[in-house]
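**Student:** Reminder that position 62 of the sequence shown reads as 62 in this note's numbering, one-by-one numbering, no gaps. We treat Cβ as the ideally placed atom computed from N, Cα and C, and that holds for glycine.
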Amino acid sequence: MTRIKRPLFGGAIQAFLPDGAIDASSIRLVPNNQEVYIHAESDQSIIVEILERVDVVSDENAIKYHFDALAEANDANSSQDHTVDRIESIPINSLIVQR
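1) Classify residue 21: buried if its beta carbon has 16 or more other beta carbons within 10 angstroms, exposed otherwise.
2) Under the assumption that residue 46 contacts residue 17 (Cβ atoms under 8 Å), give the Cβ distance between them as a whole number of angstroms.
3) Measuring only the C-alpha atoms, how far is residue 61 from residue 69?
4) CA-CA distance, residue 11 and residue 41?
5) Would residue 98 be called buried (16 or more neighbouring beta carbons within 10 Å of its own) or exposed?
6) So, with DSSP's three-state summary, where would you put residue 63?
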């Protein structure tokens, strides 16, 4: 699969995304803290979201904290229906950051 380097958040960072990924903001509203790319022929999407640092829990539990908050904000029956199976750190040298 070919990947294309694309600017995110006005060029503040860049990511390699699948060739043919469609910027969802060209067809619908996307919050300012998100970049959403969709696949043209499936229900798959890539969402990059910038979240605030959470000091009330450990870094390892921050994703669960945000997931639970999102579930509550969307009136989900329960955030317990889904689990965070794995959290992986991304080595800083694998990120492309423009300054």
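**Tutor:** Let me lay it out:
1) buried
2) The Cβ separation is near 6 Å, so the contact holds.
3) 13 Å
4) 27 Å
5) Here residue 98 scores only 48 on pLDDT, less than 50, and its place in the model is too uncertain to base an answer on.
6) If DSSP states are grouped into helix, strand and coil, residue 63 belongs with the helices.
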